[in-house]
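Beneath this line is the structure, given in structure tokens, with notes to follow.
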Amino acid sequence: MPISRRQAAAALSALPLAALPRTAAAAPSTAGAPGTPRPARARTLYLAGDSTAADKYRAAAPESGWGTALPFFLGKHLTVANHAVNGRSSKSFLDEGRLTPILGALRPGDLLLVQFGHNDEKDTDPTRYTEPWSTYQECLRRYVTGAREAGARPVLLTSVERRRFDAAGNSVPTHGDYPAAMRALAAAERVPLLDLQAATLALWQRLGVARSQTYFNWLAPGDSPNYPDGVADNTHFRPRGAIEVARLVALALRDERVLAPRELLRPGAEIPESRLTWLDD
Numbered sequence: 028m029p030i031s032r033r034q035a036a037a038a039l040s041a042l043p044l045a046a047l048p049r050t051a052a053a054a055p056s057t058a059g060a061p062g063t064p065r066p067a068r069a070r071t072l073y074l075a076g077d078s079t080a081a082d083k084y085r086a087a088a089p090e091s092g093w094g095t096a097l098p099f100f101l102g103k104h105l106t107v108a109n110h111a112v113n114g115r116s117s118k119s120f121l122d123e124g125r126l127t128p129i130l131g132a133l134r135p136g137d138l139l140l141v142q143f144g145h146n147d148e149k150d151t152d153p154t155r156y157t158e159p160w161s162t163y164q165e166c167l168r169r170y171v172t173g174a175r176e177a178g179a180r181p182v183l184l185t186s187v188e189r190r191r192f193d194a195a196g197n198s199v200p201t202h203g204d205y206p207a208a209m210r211a212l213a214a215a216e217r218v219p220l221l222d223l224q225a226a227t228l229a230l231w232q233r234l235g236v237a238r239s240q241t242y243f244n245w246l247a248p249g250d251s252p253n254y255p256d257g258v259a260d261n262t263h264f265r266p267r268g269a270i271e272v273a274r275l276v277a278l279a280l281r282d283e284r285v286l287a288p289r290e291l292l293r294p295g296a297e298i299p300e301s302r303l304t305w306l307d308d
């Protein structure tokens, strides 16, 4: 005799879970409670840049790049693929084919962070020099276009400032028109801009002449076997400088809404310098 729909439902509900089909008994709900955040998808931040951002070898220690410290401020669903290389400009990085493997690896939702300028300024070296308002912008546009074609999001970063002070103790800019040219390109292409030049210039000003020196690779003779005669480097960082610049990058990614606050890992936290590592030679 046929049974009613209500009788069938009652009989089904009386069965133990093990007797139900696997899809009905074990499948989790995909709806979620109202307001429950969706799980973050794993993404990669690819970094194209120069020596100020690059990972370093042990022979260069304690010189450090801010790209090495960036993972300390990112959540577990974000990883960093640091392709920055010493001595490269926006032009030479392209000419050496270094952008090609990055574009091949990019996936939708990934980020491509681009910081060049220090070596673009070398007007005596035709393999690296670019003119701010023409060839520099043309090269940067290739990074932007390539990232977008791969479904990734390009992000432009003005160059970190060198440590230079005038006689009155004021931190002074050293990059000429390059930061302005990048800002203009970012606005024209509607690309997020992280203004590291302005942020680091302000940081060196706050620290002052003496304290800012401890953020750069300044060493006295005997301080490091890698620099037996000492070194006075106002461009490259020691671990403390790399960490603090990486913090500025993380905060700018949040403030420019490239990353959500929940994707950052305690951007105000103190990071021990001992956590930085160097590549084996």
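In this note's numbering, each residue's number is its place in the sequence shown (first place is 1) plus 27.
In this text, a Cβ means the ideal position worked out from N, Cα and C, and glycines have one as well.
Since the structure is predicted, the reported quantities are computational estimates derived from the model, not experimental observations.
- In the same chain as isoleucine 270, and ignoring 5 residues on each side of it, the C-beta atoms closer than 6 Å to its own belong to Ala96, Ile298, in chain order.
- The alpha-carbon separation between leucine 220 and serine 301 amounts to approximately 30 Å.
- The C-alpha of alanine 229 lies about 31 Å from the C-alpha of leucine 121.
- Secondary structure note for leucine 212: its alpha helix (DSSP H) is the uninterrupted segment 205-216.
- Residue environment analysis places arginine 115 among the buried positions, since at least 16 neighbouring C-beta atoms fall within 10 angstroms of its C-beta.
- At least 7 Å separates the beta-carbon of aspartate 222 from that of asparagine 244.
- Setting aside the 5 residues that flank it on each side, arginine 191 is surrounded in the same chain by Val199, Thr201, each with a C-beta closer than 6 Å to its C-beta; the list follows chain order.
- With contacts defined by Cβ atoms closer than 7 Å, aspartate 152 and alanine 179 do not form a contacting pair.
- By the neighbour-count criterion, in which a residue is buried when 16 or more other Cβ atoms sit within 10 angstroms of its Cβ, lysine 83 is buried.
- Excluding five sequence positions before and after leucine 167, the CB atoms of its chain that fall closer than 8 Å to its own CB belong to Ser117, Val141, Phe143, Leu183, Met209, Leu212, given in chain order.
- Secondary structure note for arginine 168: it is in no beta strand (DSSP E), and the uninterrupted alpha helix (DSSP H) holding it is 164-176.
- In the three-state scheme derived from DSSP, where H, G and I count as helix and E and B as strand, valine 112 is classed as coil.
- Pairing glutamate 188 with threonine 227 gives a Cβ-Cβ distance under 7 Å.
- As the crow flies, the alpha-carbon of alanine 225 is around 32 Å from that of asparagine 253.
- The closest CA to that of asparagine 109, considering only Ser91, Ala214, Asp150, Ala80, is found on Ala80.
- Phenylalanine 120 carries a helical assignment under DSSP once its states are collapsed to helix, strand and coil.
- In the DSSP annotation of this structure, the continuous segment of the alpha helix (DSSP H) that includes aspartate 282 starts and ends at 266-282.
- The beta carbon of glycine 173 sits closer than 6 Å to the beta carbons of Leu130 from its chain, once the five residues preceding and following it are set aside; these are given in chain order.
- For arginine 180, the enclosing beta strand (DSSP E) begins and ends at 180-184.
- Between aspartate 150 and tyrosine 163, the C-beta spacing is not below 7 Å.
- Within 10 angstroms of the beta-carbon of valine 236 lie fewer than 16 other beta-carbons, which makes it exposed.
- When the beta-carbon positions are compared, histidine 145 and aspartate 77 come within less than 7 Å of each other.
- The C-alpha of threonine 71 lies about 5 Å from the C-alpha of threonine 106.
- Straight through space, the alpha carbons of serine 251 and tyrosine 73 are spaced by roughly 31 Å.
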